[in-house]
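If you count the sequence shown from 1, position 130 lands on 130 in full-length UniProt numbering, and the numbers rise without skipping.
The C-beta atom is built at its ideal place from N, Cα and C for all residues, glycine as well.
Notes follow once the structure below has been shown.
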Amino acid sequence: MTEQYLKNDNAGFIASDFRVKEIPQDERGEPVEWAGVTETGDELSSDDTAGDVTVVNFWYAACGPCRAEAADLESVWQEHQGDDVSFVGVNTYDQADTARSFAERWGVTYPSVIDVNDGAVKLAFAGATSIQATPTTLVLDREGRIAAILIGQLEGASVLSTLVADTLAESA
1 MTEQYLKNDN
11 AGFIASDFRV
21 KEIPQDERGE
31 PVEWAGVTET
41 GDELSSDDTA
51 GDVTVVNFWY
61 AACGPCRAEA
71 ADLESVWQEH
81 QGDDVSFVGV
91 NTYDQADTAR
101 SFAERWGVTY
111 PSVIDVNDGA
121 VKLAFAGATS
131 IQATPTTLVL
141 DREGRIAAIL
151 IGQLEGASVL
161 STLVADTLAE
171 SA
């Protein structure tokens, strides 16, 4: 999958349907280590979210489904604050100014890593799952392993909220 990503030349596409894949604990791969710089210039990495259930959402500002799901993502983020849950956006197309404007317009309060310049975060996940559709949302368990993959626009907050709660309830 990593080679597929490297040959893609950042083409990608916007997902037009919604699919969820849950991965049983005993079938999950290795923890994914990632690092980048957020839209506010802060460094953020998997070390910062270690021990949390982490939601990672791949998006960009001109993506219609990304705009449509922003409120649902924010709702789940607000619902699980204080629950050992982290949220991280990964902007695959825009520079920091555009990402900040998007966050202000759509009320997004969790950080987003700006990944357009080097694709390092997308590449870090490419060994575990293909991130070819936008939006794609991943739920990582407390060990940093992919527990669920959601491809396409969320159809409301309930599916993601349930996946986060179920992953939180797992014994480490």
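| Asked | Found |
| --- | --- |
| For a quick check, are the C-beta atoms of proline 24 and arginine 145 less than 7 Å apart? | no |
| Tell me the rounded alpha-carbon separation between leucine 168 and asparagine 117. | 33 Å |
| With distance defined between alpha-carbon atoms, name the residue in Asn91, Ala133 and Gly107 nearest to valine 113. | Asn91 |
| Should threonine 134 be labelled buried (16 or more other beta-carbon atoms within 10 Å of its own) or exposed? | buried |
| Specify the secondary structure class of serine 112 as computed by DSSP and reduced to three states. | strand |
| Would you say the region 39-47 touches the region 71-79, given that touching needs at least three Cβ pairs under 8 Å? | no |
| For a quick check, are the C-beta atoms of aspartate 97 and glycine 36 less than 7 Å apart? | no |
| Tell me which same chain residues have a C-beta within less than 8 Å of the C-beta of phenylalanine 163, skipping the five on either side of it? | At residue 163 the sequence reads leucine, which differs from the phenylalanine that was named. The residues are Val20, Glu22, Val139, Ala147, Ala148 and Leu150. |
| By DSSP, does glycine 36 sit in helix, in strand, or in coil? | strand |
| What span of residues does the beta strand (DSSP E) with alanine 120 cover, start to end? | Element bounds for alanine 120: not the beta strand (DSSP E) but the alpha helix (DSSP H), 120-126. |
| Leaving out five residues before and five after tyrosine 93 in sequence, what residues of the same chain have Cβ atoms less than 7 Å from its Cβ? | Tyr60 and Val116 |
| Which word fits residue 199, buried or exposed, when buried means at least 16 other C-beta atoms lie within 10 angstroms of its C-beta? | This structure gives no information on residue 199, because the portion of the chain shown stretches from 1 to 172. |
| Taking DSSP's pairing of strands, which residues face threonine 148 in a bridge? | Per the sequence shown, the amino acid found at residue 148 is alanine instead of threonine. Answer by DSSP bridge pairing, in chain order: Glu22 and Val139. |
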